[in-house]
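Asker: Every number in this note's numbering is 1 more than the matching position in the sequence shown, counting from 1. For each residue, glycine too, the CB sits at the ideal point set by N, CA and C. Take a look at this one; I'll ask things after.
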Amino acid sequence: MSCTEYSPLIRNTSSNPLEDEICSLRDQMVRIFEQGNPFTSNQVIEISCELDLKINEYMKSCYAYVGHSRST
2 MSCTEYSPLI RNTSSNPLED EICSLRDQMV RIFEQGNPFT SNQVIEISCE
52 LDLKINEYMK SCYAYVGHSR ST
């Protein structure tokens, strides 16, 4: 199953390289899991951590794009 099959918000071809990278990491993590590696395996955890960073980066860029600022 590819990223676009379970995420209707992500298009088949993205003009945003960050979206493409997120999709690629997600697909890679799913493939490793489907090969029999548990979610707690080092490979899955490493990709999951990288995916988290990319998703955070993407969300920050979305907020910056619409003019929201994060208050602390």
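Put F40 into one of helix, strand or coil per three-state DSSP.
Answerer: In this structure, F40 counts as coil in the three-state DSSP scheme.
Asker: I33 and L52 - do their beta-carbons sit closer together than 8 Å?
Answerer: Not in contact: L52 and I33 (Cβ atoms no closer than 8 Å).
Asker: Return the CA-CA distance between L19 and V45, expressed in angstroms with no decimal places.
Answerer: Taking the straight line joining both Cα atoms gives about 20 Å.
Asker: Please report how far the alpha carbon of F40 lies from the alpha carbon of S25, in whole angstroms.
Answerer: The alpha-carbon atoms of F40 and S25 are separated by roughly 17 Å.
Asker: Apart from the five residues on each side of it in sequence, which residues of its chain come closer than 8 Å, Cβ to Cβ, to I48?
Answerer: Closer than 8 Å at the Cβ level, and outside the excluded window around I48, lie L26, Q29, M30 and I33.
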